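S.K.:
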Amino acid sequence: MDTDLTNTTVYIDNLDLGVAEEGLRSIFLQFGQIVYVKILAAKGCRFVQFVNRKLKSGVFAHLRSNLWSKSMKFIKGGI
801 MDTDLTNTTV YIDNLDLGVA EEGLRSIFLQ FGQIVYVKIL AAKGCRFVQF
851 VNRKLKSGVF AHLRSNLWSK SMKFIKGGI
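The numbering of the sequence shown is the working numbering, which starts it at 801 and goes up by one.
1. Just to confirm, is the Cβ distance from F850 to T806 under 8 Å?
2. Any idea what DSSP makes of L815, helix, strand or coil?
3. State buried or exposed for R825, treating a residue as buried only when at least 16 other CB atoms are found within 10 Å of its CB.
4. For T806, write down the residues that DSSP places opposite it in a beta bridge.
5. Expressed to the nearest angstrom, what Euclidean distance is found between the alpha-carbon atoms of Q833 and L817?
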């Protein structure tokens with residue numbers, strides 16, 4: 801459980817390695833303003849930081865109900 805009320809970063813794992821920063825940004829921009837997108841290619845993971853926690857929470861609510869997200873692993877933690 802993510803108890804850090806200041807954490808606005810979403811960690812994404814198990815996403816196709818071909819998804820680049822712009823693609824990731826376009827997927828998550830629908831949820832609100834993004835501070836940054838960071839890709840750690842060697843580890844196959846990505847981070848998306850939103851301007852506030854409410855936007856981050858909206859991502860999880862939406863993704864839980866969508867088929868395309870079932871193959872991705874989202875962890876509420878982050879950096």
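Note that the Cβ used here is the ideal one computed from N, Cα and C, for glycine as well.
Predicted model, so just to flag it, every value in this text is computed and none were measured.
M.R.: Taking the structure as given:
1. In the sequence shown, residue 850 corresponds to position 50, counting from 1. In the sequence shown, residue 806 corresponds to position 6, counting from 1. It is not a contact, given that the beta carbons lie outside the stated cut-off.
2. Residue mapping note: residue 815 aligns to position 15 of the sequence shown, counting from 1. L815 falls in the coil class under three-state DSSP.
3. The residue given as residue 825 occupies position 25 in the sequence shown. Burial call: exposed.
4. Walking along the sequence shown from the start, residue 806 turns up at place 6. In the DSSP output, where bridge partners are listed per residue, T806 has none listed.
5. Residue mapping note: residue 833 aligns to position 33 of the sequence shown, counting from 1. Residue mapping note: residue 817 aligns to position 17 of the sequence shown, counting from 1. Distance between the alpha carbons of Q833 and L817: 24 Å.
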